[in-house]
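Residue 793 is where the sequence shown starts when you use the working numbering, and the numbers rise one by one after that.
Beta carbons are placed, not taken as given, at the ideal position from N, Cα and C, and that holds for glycine.
Notes for the one structure printed next.
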Amino acid sequence: MSVIGLVMVGVLAVVVGGATLAWLRRYLVIVTVDGASMRPALEPGDRLIARRVPRARLAVGQIVVVEWSPVRMGDRYGGPGAPAPTRWLVKRIAALPGDPVPVELPWTGRVAPGQLVVLGDNRPASGDSRQLGYLPVGQVRGVVVRRMGRASMPS
């Protein structure tokens, strides 16, 4: 194969690799569990793959990755103009729009349209809808489809 042919193959490999990576980033989210709120199902340091799914495919019992920002949820952070930190919550869906509010929550009725209730499996160690209230369905970034193993944690 000529040098030009090798260069063309190399360029093609980079383009295909870049396109594949872009596609994967659009449909998959990789997160690392931080904290004990999902024990025993998930341990701190577990690396998870979450697949983006349409809202209609969400179901009670699924473990999801939710984008959460204290400013969006009404908490205060920093001073004027300070950027709001974004956190990824890994929780289990306890109720969807229109479902009865779970008994663990301090209110009754049905979940509001466009909202959901998430709870950690390890309730005493979890910050979830019991403290945060409803979370917007649109903040769900993916449904966990696989645990990849444990990330090395600093000692």
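Environment of residue i [buried if 16+ CB atoms lie within 10 Å]
i	result
M793	exposed
Q923	exposed
R884	buried
L804	exposed
M830	buried
G912	buried
V910	buried
V806	exposed
V795	exposed
A811	exposed
V903	buried
Coarse secondary structure for residue i, derived from DSSP in three states
i	result
Q923	helix
W860	strand
P892	strand
A814	helix
M940	strand
M844	According to the sequence shown, residue 844 is Arg rather than Met. In this structure, R844 counts as coil in the three-state DSSP scheme.
Q854	coil
L908	strand
R831	coil
G930	helix
M865	Unreliable positioning characterises M865 in this predicted model, as indicated by a pLDDT of 47, which lies under 50. The coordinate reading is nonetheless provided below. Looking at M865 - three-state DSSP - the assignment turns out to be coil, as it is neither helix nor strand.
L881	strand
V825	coil
L820	strand
V806	helix
8 Å Cβ cutoff met for residue i and residue j
i	j	result
V825	L813	no
P905	P916	no
R839	A943	yes
V929	L850	yes
V852	V882	no
L927	W860	yes
R938	I855	no
Exercise for review: Count the CB pairs spanning the segment 920 to 934 and the segment 813 to 829 that are closer than 8 Å, and state whether there are at least three.
Suggested key: yes
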